[in-house]
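**Q**
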Amino acid sequence: MRLILSILFFSTSLQLSAQFLYPSDTLNKKRLTGVIATEAVGYGSSLFLLNSLWYQYYDREKFHFFNDNPEWLQMDKAGHVMTSYYMGQVGYDVLRWSGVKKKQSLLYGATLGSFYLLSMEVLDGFSSDWGFSWGDIVANTIGTGLFVSQEALWDEQKIVMKFSSHTTPYASYRPEVLGYNIAERIMKDYNGQTYWLSANIASFLPEGNTFIPWLNLAIGYGGEEMISGRIEDQGIYSGVFNRYRQYYLSLDVDFTRIPVQKTWLKPILRALNIIKIPFPALEYSSRGVKIHGLYF
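If you're matching positions, the sequence shown starts at 340 in this note's numbering and goes up one per residue.
1) Taking DSSP's pairing of strands, which residues face Ser504 in a bridge?
2) If Ser423 and Gly482 are in contact, beta carbons under 8 angstroms, what's the gap, nearest whole angstrom?
3) Decide if the region 568-579 is in contact with the region 416-435; the criterion is three or more beta carbon pairs, one per stretch, under 8 angstroms apart.
4) Could you tell me whether the region 583-594 touches the region 428-439, where touching means 3 or more Cβ pairs closer than 8 angstroms?
5) Per DSSP, which residues does His631 bridge with? Please list them.
6) Who are the Cβ neighbours of Asn390 in its own chain at under 8 angstroms, not counting the five residues just before and after it?
7) Flag this pair as touching only if the region 405-420 and the region 527-535 have three or more C-beta atom pairs under 8 angstroms; answer yes or no.
8) Tell me the DSSP bridge mates of Tyr512?
9) In three-state terms, what does DSSP make of Asp407?
10) For the region 542-556 and the region 586-593, state whether three or more C-beta atom pairs, one from each stretch, are separated by less than 8 angstroms.
11) Need the endpoints of the alpha helix (DSSP H) that Asp415 sits in, please.
12) Just checking my contact of Thr507 with Asn530 at CB under 8 angstroms: how many whole Å lie between their CB atoms?
13) If you reduce the DSSP assignment to three classes, tell me which class Ser458 lands in.
14) Quick check: the Cα distance between Gly464 and Tyr394, rounded to an integer number of angstroms?
15) From Ala541, Tyr509, Val477, pick the residue whose C-alpha is nearest to that of Asp415; which is it?
16) So if DSSP puts Gln585 in a beta bridge, which residue, or which two residues, is it bridged to?
17) How would you label Gln443, buried or exposed, when you count the other beta carbons within 10 angstroms and need 16 or more for buried?
18) Hey, could you find the ends of the alpha helix (DSSP H) Asn636 is sitting in?
19) For the candidate residues Ser466, Glu622, Glu564, whose alpha-carbon lies nearest to that of Ser511?
20) Please list the terminal residues of the continuous alpha helix (DSSP H) segment that includes Ala541.
21) Please say whether Lys501 and Ile613 have beta carbons closer to each other than 8 angstroms?
22) Cβ of Pro362 within 8 angstroms of Cβ of Trp436?
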């Protein structure tokens, strides 16, 4: 996934720190200046480090495009959607904290994820191992749109993106691609990853309902038996492993809707809300229907 999850958790840490401070009712120029300066420094330095510490190990060539849409059953695209979704949320929240009006915060803040990931695509465009991917751009736009549309329509996120991961035996066949240890496999082994759309049930019911406020219904997407990005690159494993898509239905917890008295707990719960909580799940795939007693 190449730094997608790293960016996601970096964004979450920024959001975590911002939530300890109360939003301003009016435009606070000092806060806004600090936000713009911090984002500018973070943007420039992170791209510089990425260019220096990552891309320097790969050959460069003229800017070019690359169609990676058939790869990994589009699991990498789901990672792009989720990353742009949460980075957009961070950008929106810090502008609102600075007292910027909602419309401007959505326009200039919620597009942070798409803009940042666009810069990464440009760097990819000069790398001989990759290229500028329009598929990634579409995925980034979808993630931003998911956040912006809900904030504009409902002034809240009734449907949030979540992530879960478990270890699989496939990484041992190609650890250089899928990871050598648990930390690497969480980020690289698409076979164990699941991306979720987690919808809060109570928020869709009539106002004043007594339904459990923090209980969500989640729909997940995953894939299995992927040893390489493309089928034709599986080499000696061609025909041994036959990749297939998986769809899940499960319950979930929206931590942001759990009532807590301690103010310091709220940002922690919001950060944890990225993770899909293990619950029983129903799986559907070309292999049939499977029931998981506890799926993560």
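No residue lacks a Cβ here, since even glycine has one placed at the ideal position from N, Cα and C.
**A** Reading it off the structure:
1) Gln532
2) 3 angstroms
3) no
4) no
5) Ala620
6) Leu462
7) yes
8) Looking at the DSSP assignment, Tyr512 forms no beta bridge with any residue, so it has no partner.
9) coil
10) yes
11) 414-436
12) 4 angstroms
13) helix
14) 11 angstroms
15) Val477
16) Gly561, Ser624
17) exposed
18) Nothing in the structure corresponds to residue 636, since the chain is present only between 340 and 635.
19) Glu564
20) Careful: Ala541 lies outside any alpha helix (DSSP H) and carries neither H nor E.
21) yes
22) yes
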